[in-house]
Structure formats: C-alpha cells, structure tokens
Amino acid sequence: MSIAWGSLGLVAIVSFAAAVVVTALVSFGIVGLAARAPRPDGPEPALSPSTGTAVGVVSLVAAAAIVIYGLYIIVA
Amino acid sequence: MGISLIVIVVIVTALAFDFTNGFHDTANAMATSIATGALKPKIAVLISGVLNIVGAFLSVEVAKTISSGLVDETKINPYIIFAGLVGAILWNLLTWLLGLPSSSSHALFGGLIGAVVVAAGAGAVHFNTLISKIILPAVISPILAGIIAMVGTIIAYRSTAKSDNESTKRGFKLGQIASASMVSLAHGTSDAQKTMGVITLTLIASGVLAPNAGPPVWVILAAGLAIGLGTYLGGWRIIRTLGKRVSEIETPQGFAAETATTAVILASSHLGFALSTTQVATGSIFGAGAGRRIAGVQWGVAGQMAVAWILTLPAAAIVGAVAAFAASQGVIGTVLVAIVAIGVAAGIYAASRRTPVTAENVNDVPAPLAPDEVRTESGVAQA
Numbered sequence: 001m002s003i004a005w006g007s008l009g010l011v012a013i014v015s016f017a018a019a020v021v022v023t024a025l026v027s028f029g030i031v032g033l034a035a036r037a038p039r040p041d042g043p044e045p046a047l048s049p050s051t052g053t054a055v056g057v058v059s060l061v062a063a064a065a066i067v068i069y070g071l072y073i074i075v076a
Numbered sequence: 001m002g003i004s005l006i007v008i009v010v011i012v013t014a015l016a017f018d019f020t021n022g023f024h025d026t027a028n029a030m031a032t033s034i035a036t037g038a039l040k041p042k043i044a045v046l047i048s049g050v051l052n053i054v055g056a057f058l059s060v061e062v063a064k065t066i067s068s069g070l071v072d073e074t075k076i077n078p079y080i081i082f083a084g085l086v087g088a089i090l091w092n093l094l095t096w097l098l099g100l101p102s103s104s105s106h107a108l109f110g111g112l113i114g115a116v117v118v119a120a121g122a123g124a125v126h127f128n129t130l131i132s133k134i135i136l137p138a139v140i141s142p143i144l145a146g147i148i149a150m151v152g153t154i155i156a157y158r159s160t161a162k163s164d165n166e167s168t169k170r171g172f173k174l175g176q177i178a179s180a181s182m183v184s185l186a187h188g189t190s191d192a193q194k195t196m197g198v199i200t201l202t203l204i205a206s207g208v209l210a211p212n213a214g215p216p217v218w219v220i221l222a223a224g225l226a227i228g229l230g231t232y233l234g235g236w237r238i239i240r241t242l243g244k245r246v247s248e249i250e251t252p253q254g255f256a257a258e259t260a261t262t263a264v265i266l267a268s269s270h271l272g273f274a275l276s277t278t279q280v281a282t283g284s285i286f287g288a289g290a291g292r293r294i295a296g297v298q299w300g301v302a303g304q305m306a307v308a309w310i311l312t313l314p315a316a317a318i319v320g321a322v323a324a325f326a327a328s329q330g331v332i333g334t335v336l337v338a339i340v341a342i343g344v345a346a347g348i349y350a351a352s353r354r355t356p357v358t359a360e361n362v363n364d365v366p367a368p369l370a371p372d373e374v375r376t377e378s379g380v381a382q383a
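Chains A and F, in that order, are what the protein sequence lines are.
According to the UniProt record's numbering, the first sequence is numbered sequentially starting from 1.
According to the UniProt record's numbering, the second sequence is numbered sequentially starting from 1.
The following block contains the structure:
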C-alpha cells in the first residue's frame with residue numbers, strides 16, 4: 001500500500017495558505033475601501049480615505065494576482 | 001474498430017450522469033450566494049453553468065486517474081461501465097429528491113466498482129488507487145476545507161469589525177460573486193473530468209483509444225456541456241439545504257467558504273485526487289458557520305449528511321452490481337436495466353413534482369435556530 005502522503009500534505013498546505021491569504025487580502029481590501037465611505041456619526045476610521053484607497057487597491061490586486069497565478073499553474 | 005452501439009449507449013448514459021452531476025452540485029458553488037442574496041437565483045445558475053464548461057477545459061489529471069488506474073482496463077467492457085453509470089445516476093436522483101448533498105463522485109466510483117466486482121471479480125479493482133486517491137482524500141478534504149473556511153471567516157470578521165458596516169457588506173457581496181464563480185470553475189474542472197474519464201475508459205475498453213490515452217477534445221466538450229446544462233437547470237432542493245438549513249450564512253462567511261472550497265478543489269485536482277466537490281463545499285459551509293458562531297450551526301443536519309456520505313459509495317455499488325449482473329445476461333438484460341433505470345428515474349421525478357423547489361421559492365424557508373434562540377414576531381432573538 002503506497003499512500004501519497006507527500007501530495008496530500010502539499011494539497012493541505014497549499015490550499016490552506018492560498019485560501020487564508022486571499023481571504024485576508026480581500027478583507028483588508030474591503031476595510032481599505034470602506035474608509036472612503038463618509039461616516040458623520042460613526043467612530044473615526046482607522047485609515048484616512050486616501051491611505052484606505054491605496055491599501056484597498058494594493059490588497060485586492062495582490063489577491064487577484066494569487067488567484068490568476070494559481071490558475072496559470074493548473075492550465076500550463 | 002468502429003464505435004459500436006453499446007459504446008454509444010454508454011457515452012449517452014455517461015453524459016446523462018454528468019447532467020445529474022451538474023444539477024446535483026449547483027448548490028456547491030451557488031447555495032451561499034443565493035442564500036445571502038449576493039446573486040439572483042437564475043443569474044447564479046447561469047454564471048455557474050457557463051463557468052462549468054470553461055472549467056472542463058482546464059485540466060485532465062482527474063480524468064486520467066479514472067481512465068488509467070482505478071480499475072483494470074483489460075478486464076472490463078462497455079456493459080460493465082453502463083451498469084456502473086446506472087448505479088450512479090439512480091443514487092444521485094434519490095439523494096436529490098431528499099435534498100441531500102451527497103457526493104456525485106462517490107456515486108460514480110461506487111457504481112463502477114460494484115459493476116466491475118460482479119462482472120470481472122474483485123481483482124479487477126485497484127484498491128490501492130481507490131484508497132490512496134479517493135477514500136483518503138474523501139475523509140480529509142471536507143475537514144480541511146472546514147478548518148480553512150473557519151479560519152478565513154474569523155479573519156474576515158475580525159479585520160472588518162471596525163469598518164463601516166454597509167461598505168463591508170457590499171464589499172463581501174461583490175467578493176462572493178467572484179468566489180462563487182471560482183467554485184463553479186473548479187467544479188467544472190474537477191467533476192466534468194470524471195465523466196471524461198469514464199467515456200475515455202469506455203473508448204479504451206472497446207479498443208477505440210490506446211490504453212493510457214488522454215480524453216479527446218470532443219469528449220471534453222461534450223462533458224463540459226452536459227454538466228453546464230445540468231448546473232444551469234439548478235438542483236434547487238439541495239441549494240435550499242446548503243444555503244438555509246446548515247446555518248444562517250452572511251456574505252463574509254459565504255466568501256470565506258467559497259474561497260476555501262476553490263483552493264482545496266483546484267489544488268487536489270491538479271495533483272489527480274478525485275475528491276468530492278460536494279463534500280468539500282459542505283465542509284466549508286459548516287466551517288464558515290462555526291467561524292462566526294458555533295452554536296448557530298445545525299450539527300444534526302451534519303449528522304444526516306454524514307450518513308448519506310458513508311452510504312453513497314456502497315449503495316451505488318450495490319445498484320451497479322445488480323445492474324452488471326443483469327446486463328451480463330446478454331442484450332435482453334441490458335435493455336431491461338435501461339428500462340428499469342428510466343422507469344425509476346421518471347418515478348423520482350414525478351415524486352419531486354409533489355413538493356417542487358424552484359428558483360422562486362428556494363429561499364422561502366425560515367432561518368435555522370440555534371439552541372439558545374427563539375423565533376419572535378419580528379424575527380430571531382437570543383433566549
């Protein structure tokens with residue numbers, strides 16, 4: 001009986017890392033872009049609108065890059 | 001050697017299985033998006049169906065696991081494959097009637113294994129490949145997906161806790177459209193390949209293709225179209241189970257669950273593990289539910305599903321075995337199997353019409369209650 005523990009482990013590590021990083025990046029992206037919304041009576045947002053926009057765009061682009069790289073590995 | 005009548009019958013049956021696979025599994029990709037309202041039901045299934053077809057062209061690793069490794073190609077014939085497919089289709093239809101998200105893949109493997117054992121003996125099944133590439137990943141993958149989705153959900157809620165509520169809600173809604181689309185793509189890759197594998201296996205067994213050959217382009221296209229069409233028609237019964245009966249799902253959870261599902265399915269299909277997209281998606285949804293509030297998850301529903309999962313492979317194997325026994329009695333036996341199968345399928349369809357679940361009423365069930373909640377006139381409150 002030969003079980004491909006190596007491949008199984010690889011699937012576990014790669015999918016955990018990819019999914020958690022993408023989820024985190026998208027969350028940061030949403031936090032960043034949410035700083036642009038005017039909040040007259042809410043608490044002061046942690047980021048200024050311009051920093052928020054920058055953080056948001058960078059995070060979302062990074063998340064998209066990871067997804068596209070993953071698809072590229074599979075297709076190529 | 002040309003393509004004989006039985007080979008054509010098997011190809012049609014395989015595509016029929018692929019079709020049931022599609023509508024059985026629409027829920028995997030779209031249940032949470034439909035439940036959270038990120039996508040309208042009809043739009044969701046359209047996107048999902050189209051991306052299924054695209055996904056079919058991404059990879060053939062899983063098709064190869066099935067066509068060259070699971071069973072001994074020299075000992076099987078198209079009649080055996082036909083019997084196996086009948087077992088898989090009937091089990092898929094029955095679980096759909098009950099709204100249970102059981103694995104289409106395990107139904108397929110079970111049907112094939114049962115048929116092969118009866119017709120060619122247990123020696124023709126490669127149990128080593130069965131355990132290492134199918135059973136073990138089946139046990140590990142839903143748990144893995146559940147843990148990933150739970151971690152993702154916790155990160156999504158923690159990091160956005162201080163942000164403007166409306167903006168984050170809208171953000172995750174958009175994110176969910178992207179992540180649900182990715183699940184559909186992954187589903188097309190993973191599940192359309194299973195039908196491709198079966199058709200390729202048939203062509204190899206009947207001598208049309210050389211052993212170890214990959215699937216021809218027309219097989220890839222046909223498999224992609226069949227699963228895409230099935231997905232488009234939508235298995236609303238199972239969508240309701242996964243979207244509404246597991247836990248009340250919010251958009252950040254849906255996003256985390258779908259991202260986890262995509263990552264696990266794509267990573268494993270790239271390495272040729274034929275895992276069940278259904279079990280991965282279900283594991284993710286439970287994980288995402290637990291990530292927000294463990295008490296909010298309906299663990300009793302999880303128990304029902306676990307029973308259906310364990311039963312799937314052996315139950316489909318028994319139907320496949322009976323069908324293989326009948327089909328091996330000659331042409332009359334094969335025709336009889338086909339007639340009985342069509343009759344049972346029609347009966348299940350008729351039974352489903354008595355309590356139809358459609359795009360219009362799929363979300364019309366009350367949200368599940370946690371043990372410490374009560375239903376009030378205005379909604380749900382902590383008791």
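Backbone N, C-alpha and C fix where the C-beta goes; we use that ideal spot for every residue, glycine too.
All of these numbers come straight from a predicted model, not from anything done at the bench.
Candidates the options: closest to residue i by CA position
i: residue 220 of chain F; options: F:31, F:89, F:198; result: F:198
i: residue 180 of chain F; options: F:52, F:90, F:65; result: F:52
i: residue 240 of chain F; options: F:200, F:252, F:261, F:25; result: F:25
i: residue 60 of chain A; options: F:196, F:347, F:171, F:278; result: F:171
i: residue 19 of chain F; options: F:277, F:190, F:233, F:214; result: F:233
i: residue 40 of chain F; options: F:96, F:193, F:236, F:60; result: F:236
i: residue 131 of chain F; options: F:148, F:4, F:106; result: F:106
i: residue 80 of chain F; options: F:352, F:330, F:345; result: F:330
i: residue 98 of chain F; options: F:242, F:156, F:56, F:134; result: F:242
i: residue 213 of chain F; options: F:149, F:64, F:31, F:59; result: F:64
i: residue 46 of chain F; options: F:227, F:288, F:104, F:93; result: F:227
i: residue 264 of chain F; options: F:248, F:249, F:54, F:282; result: F:282
i: residue 165 of chain F; options: F:252, F:200, F:110; result: F:252
i: residue 70 of chain A; options: A:5, A:9, A:14, A:4; result: A:14
i: residue 186 of chain F; options: F:222, F:89, F:274; result: F:274
i: residue 188 of chain F; options: F:225, F:207, F:168; result: F:225
i: residue 50 of chain A; options: A:68, A:33, A:28; result: A:33
i: residue 167 of chain F; options: A:10, A:19, A:29; result: A:29
i: residue 66 of chain F; options: F:12, F:335, F:351, F:127; result: F:127
Opening and closing residue of the alpha helix (DSSP H) in which residue i lies
i: residue 163 of chain F; result: Careful: residue 163 of chain F lies outside any alpha helix (DSSP H) and carries neither H nor E.
i: residue 51 of chain F; result: 41-56
i: residue 354 of chain F; result: 331-354
i: residue 318 of chain F; result: 299-327
i: residue 14 of chain A; result: 5-34
i: residue 240 of chain F; result: 236-240
i: residue 132 of chain F; result: Note, residue 132 of chain F: premise wrong, no alpha helix (DSSP H); not H, not E.
i: residue 33 of chain F; result: 5-36
Proximity test, Cβ basis, 9 angstroms: residue i and chain F
i: residue 58 of chain A; result: no
i: residue 51 of chain A; result: no
i: residue 55 of chain A; result: no
i: residue 7 of chain A; result: yes
i: residue 61 of chain A; result: no
i: residue 65 of chain A; result: no
i: residue 48 of chain A; result: no
i: residue 11 of chain A; result: yes
i: residue 19 of chain A; result: yes
Simplified DSSP state of residue i, which is helix, strand or coil
i: residue 357 of chain F; result: coil
i: residue 71 of chain F; result: strand
i: residue 208 of chain F; result: coil
i: residue 125 of chain F; result: strand
i: residue 245 of chain F; result: helix
i: residue 292 of chain F; result: helix
i: residue 109 of chain F; result: helix
i: residue 250 of chain F; result: coil
i: residue 101 of chain F; result: coil
i: residue 272 of chain F; result: coil
i: residue 60 of chain F; result: coil
i: residue 49 of chain A; result: helix
i: residue 226 of chain F; result: helix
heavy atom of the ligand MG below 8 angstroms from residue i C-beta
i: residue 281 of chain F; result: The model on display carries no ligand, and the ligand MG is accordingly not part of it.
CB contact check: residue i to chain A, cutoff 9 angstroms
i: residue 215 of chain F; result: no
i: residue 262 of chain F; result: yes
i: residue 196 of chain F; result: no
i: residue 270 of chain F; result: yes
i: residue 164 of chain F; result: yes
i: residue 224 of chain F; result: no
i: residue 39 of chain F; result: no
i: residue 133 of chain F; result: yes
i: residue 81 of chain F; result: no
i: residue 118 of chain F; result: no
i: residue 182 of chain F; result: yes
i: residue 249 of chain F; result: no
i: residue 167 of chain F; result: yes
i: residue 148 of chain F; result: yes
i: residue 51 of chain F; result: no
8 angstroms Cβ cut-off: residues of chain D touching residue i
i: residue 68 of chain A; result: The structure shown contains no chain D; its protein chains are A and F.
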